[in-house]
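Residue numbers for the sequence shown follow the working numbering, beginning at 34 and rising by one.
Everything below concerns the one structure shown next.
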Amino acid sequence: MGSIVIKNGLLFEPTSMTLKAGDIAVSEGRIVQVAVSRPDIEIDAEGCIVTPGLIDFHLHCYTQGTDGSNDPDTFCLPNGVTTCIDAGSAGSANFPGFYNEVIVRSVTRVLALLHVAPEGLTTGLHAENQTVKDWDRSRIKRLFARYPQLVGLKVRQGHNVCDPYGLHDEPLIEAVKLGRELGKKVVVHVNDPNVDCGTIASELRAGDVYCHMYAGFEENILNADGSVKDAVKRARERGVLFDCCNGRGNFLFSVAEPAIKDGFMPDIISSDNNPLTNYKQPLISLPRLLSRYLMFGMSLQEVLAACTITPARWLGMEELATLRPGTPADLAIFKLKEGKYLHKDRTGAERWGNQMLVPQMTIREGEIVYSQTDFQ
Numbered sequence: 034m035g036s037i038v039i040k041n042g043l044l045f046e047p048t049s050m051t052l053k054a055g056d057i058a059v060s061e062g063r064i065v066q067v068a069v070s071r072p073d074i075e076i077d078a079e080g081c082i083v084t085p086g087l088i089d090f091h092l093h094c095y096t097q098g099t100d101g102s103n104d105p106d107t108f109c110l111p112n113g114v115t116t117c118i119d120a121g122s123a124g125s126a127n128f129p130g131f132y133n134e135v136i137v138r139s140v141t142r143v144l145a146l147l148h149v150a151p152e153g154l155t156t157g158l159h160a161e162n163q164t165v166k167d168w169d170r171s172r173i174k175r176l177f178a179r180y181p182q183l184v185g186l187k188v189r190q191g192h193n194v195c196d197p198y199g200l201h202d203e204p205l206i207e208a209v210k211l212g213r214e215l216g217k218k219v220v221v222h223v224n225d226p227n228v229d230c231g232t233i234a235s236e237l238r239a240g241d242v243y244c245h246m247y248a249g250f251e252e253n254i255l256n257a258d259g260s261v262k263d264a265v266k267r268a269r270e271r272g273v274l275f276d277c278c279n280g281r282g283n284f285l286f287s288v289a290e291p292a293i294k295d296g297f298m299p300d301i302i303s304s305d306n307n308p309l310t311n312y313k314q315p316l317i318s319l320p321r322l323l324s325r326y327l328m329f330g331m332s333l334q335e336v337l338a339a340c341t342i343t344p345a346r347w348l349g350m351e352e353l354a355t356l357r358p359g360t361p362a363d364l365a366i367f368k369l370k371e372g373k374y375l376h377k378d379r380t381g382a383e384r385w386g387n388q389m390l391v392p393q394m395t396i397r398e399g400e401i402v403y404s405q406t407d408f409q
């Protein structure tokens, strides 16, 4: 590994939420004090934002074992993402295969949620079986003890997942209990829920994550008057985190806009990338999604924090979301461009934004792993 100095950038430090002009240096895979007189590579980042590598909190990348996953390196690295969390593609029956085939072979740092269903999200042709009696609890506990890349549990709550097996909210209740036993957090997918969203939010603990917060089905987070349900607001006050996790079918402007008007912005912004959304509308990429939330009125610092420091603290890995010397040299460089940019939702409804975060370069462990053709 050589040395790199990035000069003249606008540096975003998530731990203090500050943006300030400066230089940053990298050597031997770590961020170092800017004292390298003759670096191997010098990069002029004038007019660019330099940030810790983004963390995509929710995507699917078990490419060898599911039909709903993409290769993490082809989606993450060109988009400034250096760490991702696979959202339950694998369960207790197949996680070792996911580890050996994807996690250890990827340049991207891949972490994972373990699905409570033994088969995980193997196929979209039918719902996974979350029947509680079929969970292999002893194997789940052994996997968490063996693989530090496992960072939480995944459970899904919705008509299409629960109704085929005659389930109500038993999977969520039991997942929270199991999470408590393991000392792990739970991430719950809420899409076309078969249980009131307020009830789901009420069952979560501080640190648990409610994902697809702006999903637009008959049951959603809104009251009839467009305000956010009190139980959902109280959950946030208790420390439950809310992830927009838009993906392809988990976002409607008609839910997001009233919720945002009521002050209910996302804590985490993640992609939910899969083959149906990979570089396609309505998702395209994580930076495209971040730009949507700039359109909604979040500040640049808030948007970047939602995919750096917030997920890093959830992971207990704050070193992934800082530019402090001594921390891993995972970096992303963006230009914030002005223009007219189209955003769509599940129904094809359109909104136009005027700013776009465009990736210029990604550095992973001190090595340049992506560069825009006209950058440098």
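Heads up, the beta-carbon is just placed ideally off N, CA and C, and yes, glycines get one too.
Asked                                                                                                                                                                                              : Found
Should Ser332 be listed as close to the ligand SAH, given that the test is whether its C-beta is under 6 angstroms from any heavy atom?                                                            : Ligands displayed in this structure: none; no statement on the ligand SAH is therefore possible.
Just mark Ala257 as buried or exposed, buried being the case when its beta carbon has 16 or more other beta carbons within 10 Å.                                                                   : exposed
Which two residues bound the contiguous alpha helix (DSSP H) that contains Pro320?                                                                                                                 : 319-328
Do Gly259 and Pro291 have their C-beta atoms closer together than 7 angstroms?                                                                                                                     : yes
Which residues does DSSP pair with Leu205 in a beta bridge?                                                                                                                                        : Note: Leu205 sits in no beta bridge, so no partner.
Please confirm if the stretch 87-100 is in contact with the stretch 56-66, defined as three or more CB-CB distances below 8 angstroms between the two stretches.                                   : no
When you compare only the Cα positions, how much space is there between Leu110 and Pro226?                                                                                                         : 33 angstroms
In angstroms, rounded to a whole number, what distance separates the CA positions of Ala289 and Trp168?                                                                                            : 35 angstroms
Given a threshold of 16 other Cβ atoms within 10 Å of its Cβ, counted over all protein chains shown, does Val137 qualify as buried or as exposed?                                                  : exposed
Can you check which of these residues, Leu327, Lys262, Arg142, is closest to Ser235 by C-alpha distance?                                                                                           : Lys262
By Cβ distance, which residues of its chain are closer than 6 angstroms to Val242, with the 5 residues on each side in sequence left out?                                                          : Val220, Leu274, Asp276
Which residue from Pro197, Gly185, His222 puts its Cα closest to that of Lys210?                                                                                                                   : Gly185
Identify, in the order they occur along the chain, each residue of the same chain with its Cβ nearer than 6 angstroms to the Cβ of Gly62, setting aside the five sequence neighbours on each side. : Met34, Ala362, Glu398, Gly399
Which stretch, first to last residue, makes up the beta strand (DSSP E) that contains Thr115?                                                                                                      : 114-124
Is Gly113 closer than 7 angstroms to Pro315 when the C-beta atoms are compared?                                                                                                                    : no
Asn224: which of Arg238, Ser404, Val194 sits nearest, CA to CA?                                                                                                                                    : Val194
Check each candidate in Gly153, Arg189, Leu158, Leu356 and name the one with the smallest Cα separation from Ile173.                                                                               : Gly153
Taking 7 angstroms as the threshold (C-beta atoms), are Ala120 and Phe131 in contact?                                                                                                              : no
In three-state terms, what does DSSP make of Ser30?                                                                                                                                                : Only positions 34 to 409 of the chain appear in the structure, and residue 30 is not among them; the question remains open.
In three-state terms, what does DSSP make of Thr395?                                                                                                                                               : strand
On the criterion of 16 or more Cβ atoms from any shown chain inside 10 Å, does Pro85 qualify as buried, or is it exposed?                                                                          : buried
Alpha carbon to alpha carbon, how far is Phe408 from Ile76?                                                                                                                                        : 9 angstroms
From Ile293, Tyr374, Arg238, pick the residue whose C-alpha is nearest to that of Glu270; which is it?                                                                                             : Arg238
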